[in-house]
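Reading through the structure tokens given below for one structure.
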């Protein structure tokens, strides 16, 4: 979650759940984001990117690019559309790294 000040509405947020097989291949990916549009949504293109692959730093970077390309954030007093796209990419990448760490422990 990225917010300007504590308690403010989030500019962008991401929830990630992944399931890896014994070889580290992503079998299941569930991703929800806010800040990509006017309502929360599933990040289906990113889920499809991850499934069946080993999640690497390069794949996480690609996921960040994909989520930014598909995002249509609303420009308002909390930030421009370009800023919100970058924020969404950063939040998603962080959430993916955290989910990957959790799935390995």
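Residue numbers (the numbering used here): 441 to 545. Just so you know, even glycine gets a beta-carbon here, dropped at the ideal spot from N, CA and C.
Beta strand (DSSP E) runs wholly inside the stretch 466 to 502, at least 3 long, in chain order: 466 to 474
Span of the alpha helix (DSSP H), counted from its first residue to its last, around residue 543: 521 to 544
In chain order, what residues of the same chain have a beta carbon less than 8 angstroms from the beta carbon of residue 486, not counting five sequence neighbours either side? 469, 471, 503, 506, 507, 532
I want to know whether the stretch 473 to 482 touches the stretch 523 to 530 - three or more CB-CB distances under 8 angstroms. yes
DSSP three-state call for residue 451: helix, strand or coil? coil
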